[in-house]
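According to UniProt numbering, the sequence shown holds residues 1 to 237 in order. C-beta: ideal position from N, C-alpha, C; glycine also. For clarity, every value in this text was computed on a predicted model and none was experimentally measured. Data first, discussion second: the structure below is written as structure tokens.
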Amino acid sequence: MEPSNPALDPTDALSSVPTAGARRAAAVGSLRFFFGPMDCGKSTLALQIDHNQARQGRSGLLLVRHDRSGTPTISSRMGLARRALEVQEGMDLCALVREHWARGARVDYLIVDEAQFLSAEQVDQLAELADEARLDVYCFGLATDFRSTLFPGSQRLFELADELNAIQVEVLCWCGLSGRFNARVHDGEVVRAGSTVLVADTAPVADEVRYQVLCRKHYRTGDLGPAAVRGEQLSLT
Ligand SMILES: [Zn+2]
1 MEPSNPALDP TDALSSVPTA GARRAAAVGS LRFFFGPMDC GKSTLALQID
51 HNQARQGRSG LLLVRHDRSG TPTISSRMGL ARRALEVQEG MDLCALVREH
101 WARGARVDYL IVDEAQFLSA EQVDQLAELA DEARLDVYCF GLATDFRSTL
151 FPGSQRLFEL ADELNAIQVE VLCWCGLSGR FNARVHDGEV VRAGSTVLVA
201 DTAPVADEVR YQVLCRKHYR TGDLGPAAVR GEQLSLT
């Protein structure tokens with residue numbers, strides 16, 4: 001991932017990291033939430049920010065809640081991946097950072113993927129780390145669940161974060177309109193009730209639960225569009 005010529009690195013545009021001197025003068029941490037629907041590039045951006053921070057000589061912890069791969073990893077659909085620590089239910093994130101300090105490890109920033117699955121209490125801990133330990137905390141996640149209501153972790157982030165950033169990579173509904181809703185689909189039908197935490201990939205698997213991003217109208221009406229856009233490849237002949 002290291003560019004051959006750092007001066008020409010096009011990812012510099014994403015970097016909001018001040019120089020070390022400016023950082024000490026500011027001496028505050030921040031809590032930021034980057035949100036968007038599935039497949040909008042959240043994990044890619046998480047890895048990019050980690051890369052940019054590390055290049056400034058800063059040390060970070062990568063955290064993930066309910067990782068989709070089995071081993072805790074922040075992985076993007078573009079193929080990038082980095083090992084991460086899995087945030088367990090009830091884990092105290094302030095204690096986690098203190099443990100790293102106790103071992104002599106520096107922690108300047110946190111990257112938290114799948115942050116929608118954090119508890120409200122864990123988001124409170126992230127705010128405390130930003131305020132008291134002056135960490136820069138970057139959270140990435142979905143805003144709303146398949147019922148179109150805010151995840152508890154996302155709700156708390158909306159309440160507490162210093163910065164809210166809607167990720168600008170637009171994900172389109174099959175009709176071409178902007179998709180904001182993560183519909184849960186089972187046997188070709190949009191499901192609107194059930195457990196919030198049900199981790200599945202977005203790739204279509206016969207007879208299993210999958211997710212599809214829809215515009216509000218087609219989320220409301222449950223219209224999944226023509227078969228071709230659901231991943232059932234049309235023949236070219
Ligand atoms: Zn639509």
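Helix, strand or coil: how does DSSP classify residue i here?
i, result
"Cys215", "coil"
"Thr44", "helix"
"Val185", "strand"
"Thr221", "helix"
"Asp136", "strand"
If you compare alpha carbons, which of the options is closest to residue i?
i, options, result
"Gly222", "Leu62, Ser195, Gly194 and Phe181", "Phe181"
"Ala120", "Leu157, Asp39 and Arg210", "Leu157"
"Leu164", "Leu172, Gln48, Gln155 and Arg147", "Gln155"
"Glu128", "Gly36, Arg216, Leu110 and Met78", "Leu110"
"Arg192", "Met38, Thr149 and Cys94", "Thr149"
"Cys40", "Pro226, Val213 and Lys217", "Val213"
"Arg220", "Glu170, Arg134, Arg210 and Val190", "Val190"
"Gln116", "Glu132, Gly153, Phe33 and Asp145", "Gly153"
"Ser195", "Pro37, Cys139, Arg147 and Leu62", "Arg147"
Short check: CB of residue i to CB of residue j, under 8 Å?
i, j, result
"Val87", "Gln122", "yes"
"Arg82", "Thr73", "yes"
"Ala133", "Leu31", "no"
Got a sec, what are the start and stop residues for the beta strand (DSSP E) residue i sits in?
i, result
"Ser75", "Thr73 to Ser75"
"His166", "Inspection of the sequence shows that residue 166 is occupied by Ala rather than by His. Element bounds for Ala166: Glu163 to Ala166."
Alpha carbon to alpha carbon, what distance is there between residue j and residue i?
i, j, result
"Leu160", "Gln168", "21 Å"
"Leu96", "His186", "38 Å"
"Leu93", "Ala84", "14 Å"
Hey, could you find the ends of the alpha helix (DSSP H) residue i is sitting in?
i, result
"Ala95", "Leu93 to Ala102"
"Asp113", "Careful: Asp113 lies outside any alpha helix (DSSP H), inside the beta strand (DSSP E) at Tyr109 to Asp113."
Examine chain D for any beta-carbon lying closer than 8 Å to the beta-carbon of residue i, and answer yes or no.
i, result
"Val123", "Among the chains of the structure shown, chain D does not appear; only one protein chain is present."
Following a CB-centred definition, is residue i positioned closer than 7 Å to any heavy atom of ligand 3?
i, result
"Leu224", "As far as ligands go, the structure on display features ligand 1 and does not contain ligand 3."
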